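Enquirer:
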Amino acid sequence: MKIFDVYTTCQIEPVRGSGCYLWDSNDNKYLDMYGGHAVISVGHSHPYYINAIVSQLGEIGFYSNAAKNNLQDKLAGLLGKVSGYEDYSLFLCNSGAEANENAFKTASFITGKKRVIAFKGAFHGRTSGAVAATDNKNIVSPFNSLHQITFVQMNDLDTVEKELSAGDCAAVVIEGIQGVAGIHEPKKEFLEDLFSITKKYKALLIIDEVQSGTGRTGKFFAHQHTSVRPDIIAIAKGIGNGFPVGGILLSGEIQPKKGMLGSTFGGNHLACAAATAVLEIIVDEKLMERAESIGNYLIKGLADIKNGCGSGKIKEIRGRGLMIGVEMEPEYASVREKLLSEGKIFTGQSGSNVIRLLPPLTIGKSEADLFLESFKKLLA
Ligand SMILES: Cc1ncc(COP(=O)(O)O)c(C=O)c1O
250 MKIFDVYTTC
260 QIEPVRGSGC
270 YLWDSNDNKY
280 LDMYGGHAVI
290 SVGHSHPYYI
300 NAIVSQLGEI
310 GFYSNAAKNN
320 LQDKLAGLLG
330 KVSGYEDYSL
340 FLCNSGAEAN
350 ENAFKTASFI
360 TGKKRVIAFK
370 GAFHGRTSGA
380 VAATDNKNIV
390 SPFNSLHQIT
400 FVQMNDLDTV
410 EKELSAGDCA
420 AVVIEGIQGV
430 AGIHEPKKEF
440 LEDLFSITKK
450 YKALLIIDEV
460 QSGTGRTGKF
470 FAHQHTSVRP
480 DIIAIAKGIG
490 NGFPVGGILL
500 SGEIQPKKGM
510 LGSTFGGNHL
520 ACAAATAVLE
530 IIVDEKLMER
540 AESIGNYLIK
550 GLADIKNGCG
560 SGKIKEIRGR
570 GLMIGVEMEP
580 EYASVREKLL
590 SEGKIFTGQS
600 GSNVIRLLPP
610 LTIGKSEADL
620 FLESFKKLLA
């Protein structure tokens, strides 16, 4: 049997990781500026994280949601405290797509409506509803057209209001910062006004923080740089640091109905141990503060390169904290491959010419300098 050939993979196989570094089978060392797609939040092989999972496995690794699991309550309590959403409730699942799928279902249960407004360039995952709300025709199958999704240009409030005024919308879904589209943050005033108009038309606001959450932008969620407190927040990726964990936070003003959602593996003992350890490390090591300061340092360093040897080669630098997009002029996009082959630095990509930086939140100034120096050298 062969593995489905659906991914575009580079030829390097990481076999070991520590902190912000990876090693391949030939013992070559790489700087991880990609975090396995914004998943590695507290660094590779963090001893506290490993110990939390291993010791939990020694007690009990899994039991069904048909039985009580206090680890879920402990995780919800800590997540509420760290994120500032103590009055919300938490449903646990296993991935970002599932989180969004459950968010849409919840919105539909609560409002009794079906239509969802999403934004051009959006990515919300690969399951049926989540992919239908994703603006990429190549990954939406005919089956997904069963869902009623309307795409609107981001920051175009008038069009969103026109759509909402039809009265058939369950929700508006928006990423805290669009990741796959190439790091695009909604304007602060737009997000705040969007929240008000969803209230006016009795639709729910879902913010997808799967990629932009878990402290990556310097606040626990990217939308916390605004005054918005959404009805539903989708989380995944960094909250598990590689252990599959997803979830939705639901406003305390909304009462979930018994039986409306469910999952065999969601909120299992190992997942709770992993996510709890991640949150404890984020607090203990002040990783949100670090994401902000090292993020600012990287953005400033990149701006200096753009004004120097990157002039005419770097088109734009976007982002916040450790969620940064460097849009290259198309003829210089191959610098990303050179970063990997010559600089031994993993980065992510959006489209054909945006380099995406999503390093572990544990990144230090020396790693930021290593990246900036290598990038500068390769561009010069
Ligand atoms: C904003 C956003 N939502 C949802 C997802 C889907 O997450 P998963 O692959 O865990 O289903 C992703 C994955 O990249 C994402 O970036």
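The working numbering numbers the first residue of the sequence shown as 250 and each following residue consecutively. Note that beta-carbon positions come from the ideal geometry of N, C-alpha and C, so glycine has one too. Just so it is clear, the structure is predicted and the values come from calculations on it, not from any experiment.
#1: From Ile289, Val288 and Pro263, pick the residue whose C-alpha is nearest to that of asparagine 277; which is it?
#2: Where in the region 381 to 447 do unbroken runs of the beta strand (DSSP E), each at least 3 residues long, occur, reported from the N-terminal end onward?
#3: Quick one: which unbroken alpha helix (DSSP H) runs of 4-plus residues sit fully inside the region 264 to 335? Chain order, please.
#4: Which term fits cysteine 259, buried or exposed, when burial requires 16 or more other beta carbons within 10 angstroms of its beta carbon?
#5: Tell me, to the nearest whole angstrom, how far the beta carbon of valine 409 is from that of isoleucine 531; I am working on the premise that it is less than 8 Å.
#6: Helix or strand or just coil, what does DSSP make of arginine 465?
#7: Taking the runs of the beta strand (DSSP E) that are 3 residues or longer, which of them lie wholly in the region 512 to 574?
#8: Under 6 Å: does the beta carbon of glutamate 434 sit that close to some heavy atom of ligand 1?
#9: Whose C-alpha, out of Phe620, His396 and Ala582, is nearest the C-alpha of lysine 562?
#10: Do arginine 364 and glutamine 397 come within 7 Å of each other at the CB atom, strictly closer than that value?
#11: When the Cα atoms are used, what is the spatial distance from glycine 508 to alanine 381?
#12: Using C-beta distances below 7 Å, list every residue in its chain close to glycine 516, excluding the 5 sequence neighbours before and after it, in chain order.
#13: Quick one: residues in its chain with C-beta nearer than 6 Å to the C-beta of isoleucine 309, no 5 flanking neighbours on either side, listed in chain order?
#14: Could you spell out the range, first to last residue, of the beta strand (DSSP E) harbouring aspartate 457?
#15: Run the proximity test for serine 344: is its beta-carbon closer than 6 Å to any non-hydrogen atom belonging to ligand 1?
#16: Would you list the one or two residues that DSSP bridges to leucine 339?
#17: When the Cβ atoms of the region 585 to 605 are set against those of the region 542 to 560, are three or more pairs found closer than 8 Å?
#18: Roughly how many whole angstroms lie between the Cα atoms of glycine 284 and alanine 485?
#19: For the candidate residues Leu621, Leu306 and Glu350, whose alpha-carbon lies nearest to that of isoleucine 481?
#20: Would you call valine 584 buried or exposed, if buried means 16 or more other Cβ atoms sit within 10 Å of its Cβ?
#21: Taking alanine 235 as the reference, give the member of Gly268, Glu441 and Gln305 with the closest Cα.
#22: Please say whether glycine 467 and methionine 572 have beta carbons closer to each other than 7 Å?
#23: Count the C-beta pairs between the region 386 to 395 and the region 352 to 370 that are closer than 8 Å, then say yes if the count reaches three, no if not.
#24: Report back the beta-carbon spacing between alanine 471 and glycine 462 to the nearest angstrom; my notes put them in contact at under 8 Å.
#25: Would you say the beta carbon of glutamate 350 is closer than 6 Å to some non-hydrogen atom of ligand 1?
#26: Taking all protein chains shown into account, do 16 or more other C-beta atoms lie within 10 angstroms of the C-beta of serine 560, making it buried, or fewer, making it exposed?
#27: Quick check: does the Cβ of phenylalanine 372 come within less than 6 Å of any heavy atom belonging to ligand 1?
#28: When you measure from the CB of alanine 520 to every non-hydrogen atom of ligand 1, does any distance come out below 6 Å?
#29: If you draw a straight line from the alpha carbon of isoleucine 566 to that of glutamate 578, how long is it in whole angstroms?
#30: So does glutamate 616 have its beta carbon nearer than 6 Å to some heavy atom of ligand 1?
#31: Can alanine 523 be considered in contact with ligand 1, in the sense that its beta carbon sits closer than 6 Å to one or more heavy atoms?
#32: Whose CA, out of Ile299, Ala367, Ser274 and Glu541, lies closest to the CA of glycine 491?
#33: Among Pro505, Ser445 and Asp457, which has the Cα closest to the Cα of serine 476?
#34: Please confirm whether any heavy atom of ligand 1 lies closer than 6 Å to the CB of valine 603.
#35: Shortest alpha-carbon distance to asparagine 385 belongs to which of Gly378, Gly370, Ser377 and Thr399?
Expert: Taking the definition as stated:
#1: Here the closest residue by C-alpha is Pro263.
#2: Counting whole runs of 3 or more residues, the region 381 to 447 contains the beta strand (DSSP E) stretches 398 to 401 and 418 to 424.
#3: Runs of the alpha helix (DSSP H) inside the region 264 to 335: 284 to 287, 296 to 308 and 319 to 332.
#4: Label assigned to cysteine 259: exposed.
#5: The Cβ separation is near 33 Å, so there is no contact.
#6: When secondary structure is reduced to three states using DSSP, arginine 465 falls in the coil class, being assigned neither helix nor strand.
#7: Under the rule that a run must span 3 or more residues, the beta strand (DSSP E) segments found entirely inside the region 512 to 574 read 563 to 569.
#8: Outside the cutoff, so no.
#9: The candidate whose alpha carbon is nearest that of lysine 562 is Ala582.
#10: For glutamine 397 and arginine 364, yes; Cβs fall inside 7 Å.
#11: When rounded, the separation of the alpha-carbon atoms in glycine 508 and alanine 381 is 24 Å.
#12: Only residues of its own chain outside the window of five on either side were considered, and among them Asn314, Asn318, Gln321 and Leu341 have a CB closer than 7 Å to the CB of glycine 516, listed in chain order.
#13: So the list reads His518, once near-sequence residues are dropped.
#14: In the DSSP annotation of this structure, the continuous segment of the beta strand (DSSP E) that includes aspartate 457 starts and ends at 453 to 457.
#15: True, at least one ligand heavy atom lies under 6 Å from that Cβ.
#16: In the DSSP assignment, leucine 339 forms a beta bridge with Leu498.
#17: The answer is no - the region 542 to 560 does not touch the region 585 to 605, with fewer than three Cβ pairs under 8 Å.
#18: Going from the Cα of glycine 284 to the Cα of alanine 485 covers about 14 Å.
#19: Comparing Cα-Cα distances from isoleucine 481 to each of Leu621, Leu306 and Glu350, the minimum goes to Glu350.
#20: Buried is the label assigned to valine 584, since at least 16 other Cβ atoms lie within 10 Å of its Cβ.
#21: No answer is possible for residue 235: the residues shown for the chain start at 250 and end at 629.
#22: No, they are not a contact pair.
#23: Output reads no: the region 352 to 370 does not touch the region 386 to 395.
#24: That pair is a contact at about 7 Å.
#25: Not so, every heavy atom of ligand 1 lies at least 6 Å from the Cβ.
#26: Within 10 angstroms of the beta-carbon of serine 560 lie fewer than 16 other beta-carbons, which makes it exposed.
#27: Of the heavy atoms belonging to ligand 1, at least one sits nearer than 6 Å to the Cβ of phenylalanine 372.
#28: Checking every heavy atom of ligand 1 against the Cβ of alanine 520, none is found closer than 6 Å.
#29: The alpha-carbon of isoleucine 566 is positioned some 12 Å away from that of glutamate 578.
#30: In this structure, the C-beta of glutamate 616 stays at least 6 Å away from each heavy atom of ligand 1.
#31: Not so, every heavy atom of ligand 1 lies at least 6 Å from the Cβ.
#32: Per the Cα distances, Ile299.
#33: Of Pro505, Ser445 and Asp457, the residue nearest in Cα terms is Ser445.
#34: Result no, Cβ not under 6 Å from ligand 1.
#35: The shortest Cα separation from asparagine 385 among Gly378, Gly370, Ser377 and Thr399 belongs to Gly370.
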